[in-house]
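Here's the structure, in structure tokens; my notes come after.
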Amino acid sequence: MGLSTAIFLAILSPLTLRAEDWPGFRGPNADGVSKDERIPTEWSATKNLKWKLKLPGKGFSSPIVVGKHVIVTAWSGSGRDVKRHIVCVDRTSGDVLWQDEVEGQSDGGDSGFSYHGQASHTPVSDGERVYVLFGSSGVFAYDLSGKRLWHREVGNERRARFGTSSSPILHGDQLIVTAGCESASIRAFNKQTGEELWKAEADSLAQTYSTPRIVKGPDGREDLLLSVVFELWGMNPENGKLRWYAETKVDTAACPSILVEGGVAYVIGGRGGGRTAVKIGGKGDTSKDAVVWSESGGSYVPSPVLHNGHLYWINDSGIASVVDIKTGEQVTRKRLGGRFYSSVTLVNDKLYAVSRFDGTYVLKATPELEQIALNKLGDDSDFSGSPAISDGQLFIRSDEALYCIAAE
């Protein structure tokens, strides 16, 4: 290929993500980790608050950041008159650039948790388009100017007791969507056209709320990892076929996301709470040889982070845990105030943990979990989305507003 041809192709190539972007659930590497050194440790309604935007409704989804765009979802209404909203905001001014509204019915399940499942899926972007799953209303693709490009259904069976929450992910030209509540399936779509490329169905997917992830094993092969009740699955991301599986301690429902380091996947979850380390890769049932350790005690909803040989998480009841990744031994168990659905985020050597009603804790990411700050914004509504961090700014959302935190 000549130089002129290479330059021509580069000009024609689609927009790419910047290193500073936070393009999907838990960030660019799906691990809840940022190395941004400019994020403040203290803020309030009058300190280090760059802007605040009132949202059109509630939501458990997290913001994403793509260039100048901050994108978040919300829901309003009830029953058969639920509306889902996607809102795109200018990161500098906090002004709304565009928004869209999708009509549908409640995905809140049959357990009285009507606040969950309506806008719990975090969007994902490839730097050119943004994709969002709105439960039984389907999956939608937009360009960054707000034009709706395509829409596809994923089912409306509402199998899951607590609604729906798994976030879509991207893999090459594929958009991969876990539609557990909607149809007990996981599906891949062509991200440009919306064409369905493959679909895998299994009853156990109905209780899967966890977001899948793509990992490369020791042999260089890429696997699609998915946590389901009592098992970790390794699937072929090109056709959705199951390659291998291993037993885990995740009972009742699989909610937290998977972490991977050194060829080992760390899986936590279940109402009873369990944690398991599994060597990734292989064929068929790998439980006998692949399970490194498996212990009781985990987190039902919030996902962990991994730092310096330890797993850190804060569970739904506000209990912070630190676990040695080599042995599975719990080295710290410490109660914080409040309840949590948001997943802890690691910013350099600090943990940012957003509680539902009691503010954001900033802790040292060491087994001692020394508290640095507890920050409140004077907003009494529910903070259940996880933070997004990009280029010196921290974005958090509540049921009332989207906030931009930055050092003054």
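Quick note: to get this note's numbering, add 83 to the position in the sequence shown (first position is 1). We put the beta carbon where it would ideally sit given N, CA and C, even for glycine.
{"query": "Would you identify the three-state DSSP class for residue 409, choosing helix, strand or coil?", "result": "coil"}
{"query": "DSSP state of residue 119, grouped into three classes?", "result": "coil"}
{"query": "Using DSSP bridges, identify the partner residues of residue 476.", "result": "473, 489"}
{"query": "By a C-beta neighbour count over all protein chains shown, 10 Å radius and 16 as the cutoff for buried, is residue 482 buried or exposed?", "result": "buried"}
{"query": "Let me check understanding here. Comparing Cα to Cα, which of 137, 286, 416, 474 lies closest to residue 155?", "result": "137"}
{"query": "In angstroms with no decimal places, state the Cα-to-Cα distance between residue 442 and residue 178.", "result": "25 Å"}
{"query": "For the beta strand (DSSP E) that residue 144 lies in, which residues bound it at each end?", "result": "Counting along the chain, residue 144 falls outside any beta strand (DSSP E), and DSSP gives it neither H nor E."}
{"query": "Under a Cβ-count criterion, where at least 16 other Cβ atoms within 10 Å of its own Cβ denotes burial, should residue 273 be classed as buried or exposed?", "result": "exposed"}
{"query": "State yes or no: is the C-beta of residue 425 within less than 8 Å of the C-beta of residue 370?", "result": "no"}
{"query": "Work out the CA separation of residue 131 and residue 290 for me, nearest whole Å.", "result": "40 Å"}
{"query": "Less than 8 Å between the C-beta atoms of residue 350 and residue 362, yes or no?", "result": "no"}
{"query": "Quick check on residue 317: buried or exposed, where buried means 16 or more other Cβ atoms within 10 Å of its Cβ?", "result": "buried"}
{"query": "How big is the Cα-Cα spacing for residue 119 and residue 428?", "result": "12 Å"}
{"query": "Out of 202, 296, 234, 309, state which residue places its alpha-carbon closest to the alpha-carbon of residue 285.", "result": "309"}
{"query": "According to DSSP, simplified to helix, strand and coil, what is residue 422?", "result": "coil"}
{"query": "Between the Cα of residue 139 and the Cα atoms of 489, 435, 480, 491, which residue gives the shortest distance?", "result": "480"}
{"query": "Residue 171 by DSSP, collapsed to three states: which one?", "result": "strand"}
{"query": "In or out: residue 379 buried (at least 16 other Cβ within 10 Å) or exposed?", "result": "exposed"}
{"query": "Look at the Cβ atom of residue 203, then the Cβ atom of residue 162, and state whether they are nearer than 8 Å.", "result": "no"}
{"query": "Tell me the start and end of each unbroken beta strand (DSSP E) in the region 442-471 that is at least 3 residues and wholly inside, in chain order.", "result": "443-447, 454-458"}
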